[in-house]
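Undergrad: In my numbering, the protein residues as written are 8 to 460.
All C-beta atoms in this analysis are idealised placements derived from N, C-alpha and C, irrespective of residue type, glycine included.
Okay, here's the structure, questions in a sec.
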Ligand SMILES: Cc1ncc(COP(=O)(O)O)c(C=O)c1O
């Protein structure tokens, strides 16, 4: 019996994992060799429950989206109420209360000056929208020569073609190389592996110098500088000095180009402030939001621009219209949950809770530096990361495909902790509602597993 026939014959089997194998194709998954997926049938708070009775702590907030815990009563109620009123309507030519309310509330909490909310439906589309908006902004302004984007080494901005183009060239993007448009790349402030060979304790953030020289040389050709402010996620949980972020804004102003902040991951409290840009008190020209915007319930993206950008699209000339849209843009269910999530931030002092979590992560992870396989420990807000190196003195390679990642993931899972290392970067990023005791348990578990590697 061939593979397809064998799999089809299994489709009558009752077990979810077996049925999954017949027709599902999972993201970032080598379907031939990867272990079977977790059969999750229920989730509450920080826990996932499987159909075979396991209770697993969600240590990655379900791919960095969940904020207030799974199946939160208040978010559930907001979703149910909205579903009984209006589940969806086209957002070109129509509007509805959840979209308008959420836009107003976002503008209230975003860095001052970001006032125009363009909805899409995920993180990659929020980035695509920002790129196209910046590009067409200059075109509408009569500066068609501004055609390149400056992005950072180790950047990750999503998996659609434009978002891949502005991401680090890596194993993720390699098969698609001929499809991608060229961009200009500059240093990232990766202090542990300093791109200019300095030490953070004595440097003056010289990693910014390359951006300055690129802008000096090519400034009039640059449409925008795109960054993941304060914390580059997929690139390795790289925590920035806030001076770098302030420097990016300053240089964009000096050389007259736009700054785009991709806060798809960092937004909504993940770095300890509502938005990472607040760490350096900067307002980008466009900010990209997704993931936590609906607290992990439903897909929604937003690219929020300044009034100056918006005004460049207002014209009697219809060619100046922003021709972009997605079927599910501003989906009312997603917007309603997003609003309820912002209510929770207000009612429950969520940012104070993240501050305590940050403290616990520091205290729990710092001692791991003493382990010979630990090269660096990085903590910001609700994210703690440990960079493993086979020989910490040598700061040896940091490959995504290192075998240690899957081995560790399996070891954590055996202890009922869901963690997906990025190669040799082990990170913990729970929903904010995690209790102090649960954090202690998770950090002890991480330490125990790392000691056995
Ligand atoms: C900074 C950043 N931008 C964009 C994306 C893409 O978001 P999505 O997976 O919703 O397309 C991600 C996803 O991890 C991200 O971390």
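Nearest to residue 198 by CA position, among 187, 188, 215, is which residue?
TA: In the chain shown, residue 198 corresponds to position 191, counting from 1. Closest option to residue 198, Cα to Cα, is 215.
Undergrad: Any idea what DSSP makes of residue 106, helix, strand or coil?
TA: The residue labelled residue 106 in the question sits at position 99 within the chain shown. The answer is helix: DSSP assigns residue 106 an H, G or I state.
Undergrad: Could you check what DSSP says for residue 230 in three-state terms: helix, strand or coil?
TA: Against the chain shown, residue 230 aligns to sequence position 223. It is a strand residue.
Undergrad: State buried or exposed for residue 236, treating a residue as buried only when at least 16 other CB atoms are found within 10 Å of its CB.
TA: Locating residue 236 in the chain shown gives position 229, counting from the first residue. Answer is buried; the Cβ neighbour count reaches 16.
Undergrad: Could you tell me which residues DSSP pairs with residue 52 in its beta bridges?
TA: Along the chain shown, one-based indexing puts residue 52 at 45. For residue 52, which the question treats as bridged, DSSP gives the partners 77.
Undergrad: Among 267, 384, 286, 85, which one has its Cα closest to the Cα of residue 250?
TA: Taking the chain shown and counting its residues from 1, one reaches residue 250 at position 243. Here the closest residue by C-alpha is 286.
Undergrad: Determine the contact status of residue 386 and residue 415, defining contact as a CB-CB distance below 8 Å.
TA: Translated into positions along the chain shown, residue 386 becomes position 379. Translated into positions along the chain shown, residue 415 becomes position 408. Result no, Cβ atoms of residue 386 and residue 415 do not sit closer than 8 Å.
Undergrad: Alpha carbon to alpha carbon, how far is residue 298 from residue 305? Give it in angstroms, no decimals.
TA: Working through the chain shown from its first residue, we reach residue 305 at position 298. Working through the chain shown from its first residue, we reach residue 298 at position 291. Distance between the alpha carbons of residue 305 and residue 298 is about 9 Å.
Undergrad: Give the straight-line distance between the Cα atoms of residue 369 and residue 447, rounded to the nearest whole angstrom.
TA: The residue given as residue 369 occupies position 362 in the chain shown. The residue given as residue 447 occupies position 440 in the chain shown. Rounded to whole angstroms, residue 369 to residue 447 spans 12 Å at the Cα level.
Undergrad: As an exercise, report each continuous alpha helix (DSSP H) stretch of at least 4 residues that is fully enclosed by the stretch 287-347, in chain order.
TA: Taking only runs of at least 4 residues, the alpha helix (DSSP H) segments lying wholly in the stretch 287-347 are 314-318.
Undergrad: In terms of residue numbering, what span does the alpha helix (DSSP H) encompassing residue 212 cover?
TA: On the chain shown, residue 212 is found 205 positions in, with the first residue counted as 1. First-last for residue 212: undefined, no H or E at that position.
Undergrad: Let's test the definition: count the other Cβ atoms within 10 Å of the Cβ of residue 71 and tell me whether it reaches 16, buried, or not, exposed.
TA: Locating residue 71 in the chain shown gives position 64, where the first residue counts as 1. Buried is the call here.
Undergrad: Taking C-beta to C-beta, are residue 282 and residue 74 nearer than 8 Å?
TA: Residue 282 sits at position 275 when you count from the first residue of the chain shown. Residue 74 sits at position 67 when you count from the first residue of the chain shown. No.
Undergrad: Could you work out which residue in 149, 241, 207 is closest to residue 178 when comparing CA atoms only?
TA: Position 171 of the chain shown, counted from the first residue, corresponds to residue 178. Nearest of 149, 241, 207 to residue 178, Cα basis: 241.
Undergrad: Would you give the residue range spanned by the alpha helix (DSSP H) that residue 137 belongs to?
TA: Stepping through the chain shown from its first residue, residue 137 is reached at position 130. Here the alpha helix (DSSP H) through residue 137 covers 130-147.
Undergrad: Could you check what DSSP says for residue 392 in three-state terms: helix, strand or coil?
TA: Walking along the chain shown from the start, residue 392 turns up at place 385. The answer is strand: DSSP assigns residue 392 an E or B state.
Undergrad: Taking 8 Å as the cut-off, decide whether the C-beta atoms of residue 137 and residue 271 are in contact.
TA: As a working mapping, residue 137 is identified with position 130 in the chain shown. As a working mapping, residue 271 is identified with position 264 in the chain shown. In this structure, residue 271 does not lie closer than 8 Å to residue 137 by Cβ.
Undergrad: Look up residue 376 in the DSSP assignment and say whether it is helix, strand or coil.
TA: In the chain shown, residue 376 corresponds to position 369, counting from 1. In this structure, residue 376 counts as helix in the three-state DSSP scheme.
Undergrad: Counting C-beta neighbours from all protein chains within 10 Å, is the total for residue 145 16 or more, i.e. buried, or is it exposed?
TA: Taking the chain shown and counting its residues from 1, the one referred to as residue 145 is at position 138. Buried is the call here.
Undergrad: Report whether the distance from the Cβ of residue 131 to the nearest heavy atom of ligand 1 is below 7 Å.
TA: Taking the chain shown and counting its residues from 1, one reaches residue 131 at position 124. Yes, the Cβ of residue 131 comes within 7 Å of a heavy atom of ligand 1.
Undergrad: Sort 346, 150, 254, 30 by Cα distance to residue 319 and report the nearest one.
TA: Position 312 of the chain shown, counted from the start, is the residue given in the question as residue 319. Ranking 346, 150, 254, 30 by Cα distance to residue 319 puts 150 first.
Undergrad: Short check: CB of residue 126 to CB of residue 336, under 8 Å?
TA: Your numbering for residue 126 matches position 119 in the chain shown. Your numbering for residue 336 matches position 329 in the chain shown. Yes.
Undergrad: Hey, is residue 139 close to ligand 1, as in C-beta under 7 Å from one of its heavy atoms?
TA: Against the chain shown, residue 139 aligns to sequence position 132. Residue 139: no, Cβ never under 7 Å from ligand 1.
Undergrad: May I have the straight-line CA-CA distance separating residue 289 from residue 266, to the nearest angstrom?
TA: Position 282 of the chain shown, counting from 1, holds the residue named residue 289. Position 259 of the chain shown, counting from 1, holds the residue named residue 266. Cα-Cα distance, rounded: 10 Å.
Undergrad: Leaving out the 5 sequence neighbours to the left and right, which residues in its chain are closer than 7 Å to residue 445 when beta-carbon positions are compared?
TA: Within the chain shown, residue 445 is the residue found at index 438, counting from 1. Hits under 7 Å: 53, 64.
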